[in-house]
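Peer 1: Residues are numbered in our numbering as their position in the sequence shown, beginning at 1, plus a constant of 185.
All C-beta atoms, glycine included, are put in the ideal place defined by N, C-alpha and C.
Quantities reported herein were computed from a predicted structural model and do not represent experimental measurements.
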Amino acid sequence: MNAVEKIVRDLLSEKRITEARNLLSLFPGEFPHLELEVEYAARNWKAVKRIYESLPEELKEKYAEHYEHATSQYSIDYSREAEEALKELERKNVQGAISIVESIVKDYPELVEVIALRYKLARQRNDRKAMEKYRKLLMELDRTHPVLLENGLSSRKTGLFEILTISLLVAIFLVSLFALYIVPSSVKKESETPVIEQTVDIKPLEQRVEDVLSNIAVLSESMGKLNDLVEGRFTEVQSDVKTVSEDLESLKDLLANLNRKLSQIESALSTISTRESTPSVVYVPSKESRIERAKSLWFLGYMFYLRREYDEAIRRFDLAIEEIGEENVYFKDDVYYYRALSYYFKGDLSTARRLFEDFIEKFPDSEYTDDAEYFLKRI
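(1) What residues in its chain sit with their C-beta under 7 Å from that of A205, if we drop five residues either side in the sequence?
(2) Helix, strand or coil for F516? Go by DSSP, reduced to three states.
(3) Relative to the C-alpha of Y252, which candidate in R493, P213, V233 and S239 has its C-alpha closest?
(4) Do you know how far the Cα of R538 is from the Cα of I564?
(5) Please name the residue in E242, D550, P549 and F541 whose C-alpha comes closest to that of L559.
(6) Tell me which same chain residues have a C-beta within less than 6 Å of the C-beta of F502, skipping the five on either side of it?
(7) Our contact map puts I450 next to S424 with C-beta atoms below 8 Å; I'd like the distance itself, whole angstroms only.
(8) Could you check whether E497 and F489 sit closer than 8 Å to each other, using their CB atoms as the reference points?
(9) Going along the chain, which residues of its own chain have a beta-carbon closer than 7 Å to the beta-carbon of L211, five neighbours each way excluded?
(10) With C-beta atoms as the reference, is I499 less than 8 Å away from A479?
(11) First and last residue of the alpha helix (DSSP H) that includes N311?
(12) Residues in the same chain with beta-carbon distance under 6 Å from R201, minus the five sequence neighbours each way, listed in chain order, please.
(13) Does the Cβ-Cβ distance between R313 and L333 come in under 8 Å?
(14) So, with DSSP's three-state summary, where would you put R228?
(15) Helix, strand or coil: which one does DSSP assign to S551?
(16) If you draw a straight line from the C-alpha of K291 to the C-alpha of R228, how long is it?
(17) Span of the alpha helix (DSSP H) holding H251?
(18) Could you name each continuous alpha helix (DSSP H) segment of 4 residues or more that falls completely within the segment 497-544, going from the start of the chain to the end?
(19) Give the single residue among E190, R308, A249 and Y495 whose Cα lies nearest to the Cα of L526.
(20) Output yes or no for whether 8 Å exceeds the beta carbon distance between A249 and Y225.
(21) Starting from the Cα of N187, find the closest Cα among E473, I401, T203 and F516 and give me that residue.
(22) Cα-Cα, which of I236, L323, E317 and E246 is closest to E215?
(23) Alpha carbon to alpha carbon, how far is K231 from Y259?
(24) Let me know the secondary structure DSSP gives T203 once reduced to three states.
(25) Would you kindly report the start and end of the unbroken alpha helix (DSSP H) that includes S210?
(26) Quick check on DSSP: helix, strand or coil for Y468?
(27) Is it the case that the Cβ atoms of D518 and F548 are separated by a distance below 8 Å?
(28) Is it buried or exposed for T203, if we count other Cβ within 10 angstroms and need 16 for buried?
(29) Taking L504 as the reference, give the member of K531, R475 and Y515 with the closest Cα.
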């Protein structure tokens, strides 16, 4: 594909019809099929029909559907009415111009130039609601239409197309200089040769221009891909940072709750252990209170185990086992298992072995039995 074709079609895909038309004006008559595509995108059906009729035969078959669609859509010649509307607008007869444009729109609602006229009329009346309506329509059809640029209302900043256009003009200027200074000197040196041999071969120059255009197109595509990649990576990093921040906040809340519960349990146990008994009465706690105290000790020991404070955990587990005694409670195997596991992670492997063996003997059907056997094999 020719570099000019690629740039023009990229502009059309981005609804930048005016820029595409301006670029083709640099190559008058060289790309009639692209001119047809530009007018087709602008819904200028009359121009589409005119350009199609002047196309070479080999291109007419390719653009036959464009011609048929333009013929079916074309119903009126709006040019005279549009000219009259502009004249009325110049005379500041806004209402008269509106009437003319409205009559065109009834038969030709999608015409870019008519929508541009309606936008201009709305601006003359300072009708903000209508201005916004037609501005959006015109942005969808032709983001670079001159009427949008009159008061700086186009939101598009100077972009890649302007850079490419300037680069293209610079390249053409350099090629022209080359032709002016290099080619004439070589012709002068060979002036004594027959006239038939003084013909200048411009194919290398054409090839250079083609190479410049190709390089511009490649550069445009590479910059677009790089921009998309950078935006994608930046979005991913932002998402990851947000996720990590949320996880850290959740972890902080969890640790705060655990510390608060540990403080409450330690306070309750301290109150129970320091309670003074009367000299004449021996206090014998009930079964329910012993089980509740054992449960609290088990939970507190497990918290110390999670914090890797194994000595404190073992001390609570021993007290819990003492309180449980021969009672059969649902958390009994938990206390015995985690006491053995605390000795294992503490590094007292001989005690851990003895306690794991005792656990397997006491609780052969426990869900921890397989784990206890696994740690015995590791010791």
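Peer 2: Reading it off the structure:
(1) Once the five neighbours on either side are set aside, the close Cβ partners of A205 are V193, L196, L197 and V223.
(2) In the structure shown, F516 sits in coil (DSSP, three-state: anything other than H, G, I, E or B).
(3) It is V233.
(4) So the alpha carbons of these two residues sit roughly 7 Å apart.
(5) In the sequence as displayed, the identity of residue 559 is Tyr instead of Leu. Check the Cα spacing between Y559 and each of E242, D550, P549 and F541: the tightest is with F541.
(6) Excluding sequence neighbours, F502 sits near G486, V520 and R524.
(7) Rounded, the Cβ-Cβ distance is 39 Å, inconsistent with contact.
(8) Between F489 and E497, the C-beta spacing is below 8 Å.
(9) Closer than 7 Å at the Cβ level, and outside the excluded window around L211, lies no residue.
(10) No.
(11) Judged by DSSP secondary structure, N311 falls outside any alpha helix (DSSP H); it is assigned neither H nor E.
(12) Same-chain partners within the cutoff: R328 and T329.
(13) For R313 and L333, no; Cβs fall outside 8 Å.
(14) Note: R228 maps to coil in three-state DSSP.
(15) Of the three classes helix, strand and coil, the one that applies to S551 here is coil, per DSSP.
(16) Per-residue confidence for K291 stands at a pLDDT of 48, beneath the threshold of 50, marking its modelled position as unreliable; the derived number appears in the next sentence. Spanning the two alpha carbons is a distance of roughly 15 Å.
(17) In the DSSP assignment, H251 falls within the unbroken alpha helix (DSSP H) covering A249 to Q258.
(18) You should have 517-531.
(19) It is Y495 whose Cα lies nearest to the Cα of L526.
(20) At the C-beta level, A249 and Y225 stay beyond 8 Å of one another.
(21) Nearest of E473, I401, T203 and F516 to N187, Cα basis: I401.
(22) When C-alpha distances from E215 are compared across I236, L323, E317 and E246, the shortest belongs to I236.
(23) Approximately 7 Å between the Cα atoms of the pair.
(24) T203 falls in the helix class under three-state DSSP.
(25) Per DSSP, S210 is not a residue of any alpha helix (DSSP H), being assigned neither H nor E.
(26) Residue placement at Y468 is flagged as unreliable, the pLDDT there being 41, under the threshold of 50; the coordinate-derived value follows with that caveat. Coil, per DSSP.
(27) Note that the C-beta distance between D518 and F548 is below 8 Å.
(28) Burial check for T203: the Cβ neighbour count within 10 Å reaches 16 or more, so the residue is buried.
(29) Per the Cα distances, R475.
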